[in-house]
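The structure appears right after this line, and notes come after that.
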Amino acid sequence: MVVEVKKVAKSYGKKNGSRVLRDVSLHIEREACVALLGVSGVGKSTLGRIVVGLERADQGRIFIQGERILVGKNKRFRNKVQIVFQDPYSAFNPRLTMAQSLAEPLLIERVKKRERYERINAILEDVQLDQELLDRYPKQLSGGQLQRAAIARALICRPLFIVFDEVVSSLDVVQQHHILTLLHRLKETYDLSYLFITHDFQAAKYIADRILVLHAGEVVDQVEKNGNGSWQHFKHPQAIRLQEAVWS
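In UniProt numbering, the protein residues as written are 1 to 248.
So, in structure tokens, the structure goes:
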């Protein structure tokens, strides 16, 4: 088991504040992709941030390879869990070139210059970006190029597990397909595990092995892919509505 989430709850505000997550549990096995499907505002992104240690849960526990993850601790897992956000432009320092941004996590890990150069070039090839983009600034890249660069930076420290938070929602249909295909290939190449957060049933179905539906802060339904490639059927009304919205 790579990731295990046990009865996580989260509220915002003081006493009697807004409850965002309610006893959420899930697990992700090695080289598996679990999609977390739901409309905006149901707590998907909050859960993603909690899983990678960017936010603290009010209750519940997160385990990575059996070791409990605590906010601000577990330094040896710092680069083993990564997150890629919806807006790639906000993920990069506008004053740094792409080469500098990609090198940042390697500098923190004190990777030598020659190895930094080799790893950056190898990652660029894997995400299908030209080396000439290294001298450019974020504003000089398209949304699709910048999202690939964000994926490259998440990969550069060789993680075990990546959270993708609505990474295709701001892209056009063609770019969405390219990014989803890329993520599928990278998962196999790097033996990765994913939590893929989305409101898009079709995207979830394309990339995931299992789909969990989050509604009002709770996992209300889940389905898995059958051996013949077809999917089990949703049972919860909200899950069915999300599926039918694609076909309407």
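Just so you know, even glycine gets a beta-carbon here, dropped at the ideal spot from N, CA and C.
{"Check": "According to the neighbour-count rule (16 or more other Cβ atoms, all chains shown, within 10 Å of its Cβ), is residue 108 buried or exposed?", "Outcome": "exposed"}
{"Check": "Considering only C-alpha positions, which residue in the set 13, 127, 36, 180 is nearest to residue 223?", "Outcome": "36"}
{"Check": "Note down the Cα distance separating residue 248 from residue 13, rounded to an integer number of angstroms.", "Outcome": "Its pLDDT being 41, under 50, residue 248 is placed unreliably by the model, and nothing is read from it."}
{"Check": "Under DSSP, the alpha helix (DSSP H) around residue 120 begins and ends at which residues?", "Outcome": "113-126"}
{"Check": "Grab me the residues of residue 11's own chain with a C-beta within less than 7 Å of its C-beta, minus the 5 sequence neighbours each way, in chain order.", "Outcome": "17, 18, 19, 20, 58"}
{"Check": "Is residue 128 near residue 171, with beta carbons less than 8 Å apart?", "Outcome": "no"}
{"Check": "For residue 125, which option in 189, 23, 100, 105 has the closest C-alpha, if you only look at C-alpha atoms?", "Outcome": "189"}
{"Check": "Could you check what DSSP says for residue 68 in three-state terms: helix, strand or coil?", "Outcome": "strand"}
{"Check": "Closest to residue 55 by C-alpha separation, out of 8, 79, 33, 29, would be which residue?", "Outcome": "8"}
{"Check": "Please report the residue range of the alpha helix (DSSP H) in which residue 104 lies.", "Outcome": "98-108"}
{"Check": "What are the complete beta strand (DSSP E) segments, minimum 3 residues, inside the stretch 119-179?", "Outcome": "161-165"}
{"Check": "Any idea what DSSP makes of residue 26, helix, strand or coil?", "Outcome": "strand"}
{"Check": "What is the DSSP secondary structure of residue 4, counted as helix, strand or coil?", "Outcome": "strand"}
{"Check": "Out of 81, 149, 140, 83, point me to the one whose CA is closest to residue 102's CA.", "Outcome": "149"}
{"Check": "Within 10 Å of its beta-carbon, does residue 215 have 16 or more other beta-carbons around it, so buried, or fewer, so exposed?", "Outcome": "buried"}
{"Check": "State the DSSP-derived secondary structure class of residue 80, mapped to helix, strand or coil.", "Outcome": "coil"}
{"Check": "On the three-state DSSP scale, how would you describe residue 218?", "Outcome": "strand"}
{"Check": "Rounded to the nearest angstrom, what separates residue 40 and residue 83 at their Cα positions?", "Outcome": "18 Å"}
{"Check": "So, do the stretch 110-118 and the stretch 185-205 have three or more beta carbon pairs nearer to each other than 8 Å?", "Outcome": "no"}
{"Check": "Taking residue 51 as part of the beta strand (DSSP E), name the residues at either end of that continuous run.", "Outcome": "From DSSP, residue 51 is part of no beta strand (DSSP E) but of the alpha helix (DSSP H) over 44-51."}
{"Check": "For residue 62, list the residues DSSP reports as bridge partners.", "Outcome": "5"}
{"Check": "Counting only the same chain and skipping the five closest in sequence on each side, list residues whose C-beta sits under 7 Å from that of residue 167.", "Outcome": "84, 86, 147, 179"}
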